[in-house]
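No gaps in the numbering here: position 394 of the sequence shown is 393 in numbering that gives the first Met the number 0, and each next residue is one more. Don't be surprised by glycine CBs; every beta carbon is placed ideally from N, CA and C. Heads up, the thing below is written out as structure tokens.
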Amino acid sequence: MYKICPKHDPEPQDFRWIIQPGKRSLAAMSLIIIATLPLMPCLGQTSTPDTAKEDLLQILSKKDATIELADGQYAKGIEAAEKNYEQLLAKAKALRAGKVADARAAAVTDLKAMSAWLAADGKLSKTVKVLKAIYALAPQDTEVAKALVAAGVDLKSITAEGDYFTRRDAKQTSRIVIWNTHNSRFNTSGTLQCNVVLLQALRPVHRFNKVDVPWEPNKDSFAVVNVPAMQFDAVRVEIIKWHGYAGGLAEIEIWQDGKNVAFHRPTRASAAVDRQTTSARVTDGITTSVAYKQGYWLLPDNKAGWIEISLARPAYEKLRRAKVSARTPWLKTVNVVPGDIVDITADGEWWASSQIAAGPDGGHGSGEDKSGKYRNRFYLQGRLDGTVFKIGSQFTLRAVKEGQLELGMNEENVDWFANNSGFLDVVLTVRKRSPLLTSVPTLTTNTTETTKSTYRSVAALR
0 MYKICPKHDP
10 EPQDFRWIIQ
20 PGKRSLAAMS
30 LIIIATLPLM
40 PCLGQTSTPD
50 TAKEDLLQIL
60 SKKDATIELA
70 DGQYAKGIEA
80 AEKNYEQLLA
90 KAKALRAGKV
100 ADARAAAVTD
110 LKAMSAWLAA
120 DGKLSKTVKV
130 LKAIYALAPQ
140 DTEVAKALVA
150 AGVDLKSITA
160 EGDYFTRRDA
170 KQTSRIVIWN
180 THNSRFNTSG
190 TLQCNVVLLQ
200 ALRPVHRFNK
210 VDVPWEPNKD
220 SFAVVNVPAM
230 QFDAVRVEII
240 KWHGYAGGLA
250 EIEIWQDGKN
260 VAFHRPTRAS
270 AAVDRQTTSA
280 RVTDGITTSV
290 AYKQGYWLLP
300 DNKAGWIEIS
310 LARPAYEKLR
320 RAKVSARTPW
330 LKTVNVVPGD
340 IVDITADGEW
350 WASSQIAAGP
360 DGGHGSGEDK
370 SGKYRNRFYL
380 QGRLDGTVFK
390 IGSQFTLRAV
400 KEGQLELGMN
410 EENVDWFANN
420 SGFLDVVLTV
430 RKRSPLLTSV
440 PTLTTNTTET
450 TKSTYRSVAA
460 LR
């Protein structure tokens, strides 16, 4: 069951982030339709605006209002969405481009088709009632139309928390699903074998070595790792063999009790080939690689590497992005107090001017011209309370004194680059402790309860 809860009105353009490639379910179809409904004329439903509005508001006002999806009808919905997926995306693009008439006509056709298979099962009568209410009300009541759009956003949970894989094996609650990439139509990259490491308080607690990951051209393949009962608060996947130019992954899902607990969790990686295929792609909910450089992470060519997902849930976090230039010795970033844990992650790439070719070197920034003059000449470093330390591509520290964290390149090379200097993209996550919470909740497999464990003292763990 999936709850429908009215929320604040989202901006129409936000739908491009919700309708994601690879999410082949009722959500993909529903969101496009709901997004276009305020533009539709009344389609001659038997419900009058008054009765439809009453029915709809009654449904939306109940906190426990649900849409029940029978397995058979759910399968039909998936099949229908798969057949029309590309067309649906095109219709969404047409709507954003202002081709309202085309989008409206397409939405009417799709909604009729969807209503037909929804109505085939009596358990879905509540859904059908909502659809009829949408028909009648959307053109006439702006506020209700907004509420419908907001409620429609919640339909994405059908994809985010209940896709076909977990619905089929709902009782097996502890598993890691590793979705491979094929680098869109080029089919030039992907992972063949990896190690999966479970971490607790930054320390390995269990390993799965040499996990084979299926790879096929133009196909979104995946591997499944069943997890034993233990506590862990992070998962690291180490790419050790790859297809073609480079390794990479589209998504890493960590399923517990029917929910993907890795969805939108913080990530970090040893490196990324560019700023379009960074580590954040593996928790964005997109399991397909069909769109070029959308929804998947890639390593630089011919480089082994790793990617890590944090499942720890601190009291609250502060996120800061910074560009650290070789021309600026020290960049002031975040203020910390004793007890703060700071994760510093560079993208592993050096973005330079045209005179210097960009290229990673073992997770550290490295720029070089054709002669390799600048290779291994610089790296990211930090300074806190007068202490300078090397960071490289990622670094974790726990503050013992109050102060301001500064980032920069190793100083002896700052002047070398002059006007040709580039920069590193850096993400800083400050995990600040609440006065009422002295430990970080962690994930315990094969249980619905969340347990807590205290972080060990961390000085410099890479």
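Please report the distance separating the alpha-carbon of residue i from that of residue j.
| i | j | result |
| --- | --- | --- |
| A249 | G284 | 9 Å |
| R280 | D339 | 27 Å |
| T332 | K218 | 42 Å |
| A311 | R184 | 36 Å |
| I253 | V236 | 12 Å |
| D273 | N225 | 32 Å |
| V335 | Q199 | 24 Å |
| V429 | A398 | 10 Å |
| W303 | T190 | It should be noted that the sequence gives Ala, not Trp, for residue 303. When rounded, the distance between both Cα atoms is 10 Å. |
| G385 | W178 | 44 Å |
| Y378 | T395 | 16 Å |
| Y244 | N186 | 10 Å |
| K400 | A290 | 46 Å |
| K209 | V387 | 38 Å |
| Q255 | T282 | 15 Å |
| I308 | S188 | 22 Å |
Output needed for residue i: all residues of its chain with C-beta closer than 6 Å, excluding positions within five of it in sequence on either side, in chain order.
| i | result |
| --- | --- |
| D211 | Q192 |
| F207 | V195 and V224 |
| K240 | L191 and Q192 |
| A345 | L379, S392, L423 and V425 |
| E142 | Bear in mind that the predicted position of E142 carries a pLDDT of just 47, short of 50, making it too unreliable to give a figure here. |
Note down, in chain order, each residue of its chain lying with its Cβ closer than 7 Å to the Cβ of residue i, except the 5 sequence neighbours on either side.
| i | result |
| --- | --- |
| S278 | T266, R267, A268, A271, W296 and I306 |
| S288 | T180, H181, N182, S183, D219, A249, G294 and Y295 |
| P337 | A398, V399, K400 and E401 |
Please list, in chain order, all residues of the same chain as residue i whose beta carbon is under 8 Å from its beta carbon, the five residues on each side excluded.
| i | result |
| --- | --- |
| R320 | D424, V425, V426 and L427 |
| T276 | G247, K292, Y295, W296 and L297 |
| A169 | The pLDDT assigned to A169 is 32, lower than 50, so where the model puts this residue is not dependable, and the model offers no usable value. |
| E405 | W329, L330, K331, T332, G381, R382 and L383 |
Measuring CA to CA, which of the options is closest to residue i?
| i | options | result |
| --- | --- | --- |
| T286 | F262, N301, P299 and V196 | F262 |
| G391 | R430, V323, F231 and D384 | V323 |
| I238 | T386, N301 and L330 | N301 |
| V204 | P227, N186 and S220 | P227 |
| Q380 | D342, W329, F207 and S309 | W329 |
| H242 | N208, P299 and Q393 | P299 |
| V196 | E401, T187, T344 and I251 | I251 |
| R264 | D232, V289 and K240 | D232 |
| M229 | T395, A245, S173 and K240 | S173 |
| K389 | G407, K400 and I308 | G407 |
Residue i and residue j look like a contact to me (Cβ under 8 Å); what is the Cβ gap, rounded to whole Å?
| i | j | result |
| --- | --- | --- |
| A222 | P216 | Rounded, the Cβ-Cβ distance is 17 Å, inconsistent with contact. |
| I175 | V260 | Rounded, the Cβ-Cβ distance is 11 Å, inconsistent with contact. |
| Q403 | I343 | The pair is not a contact, with the Cβ atoms about 14 Å apart (cut-off 8 Å). |
If you measure from the CB of residue i, is any heavy atom of the ligand MG nearer than 8 Å?
| i | result |
| --- | --- |
| R320 | In terms of ligand content, the structure shown is empty, and the ligand MG therefore cannot be addressed. |
field: beta strand (DSSP E) segments (min. 3 residues) lying fully within the stretch 215-303
entry: 221-225, 233-243, 247-255 and 266-268
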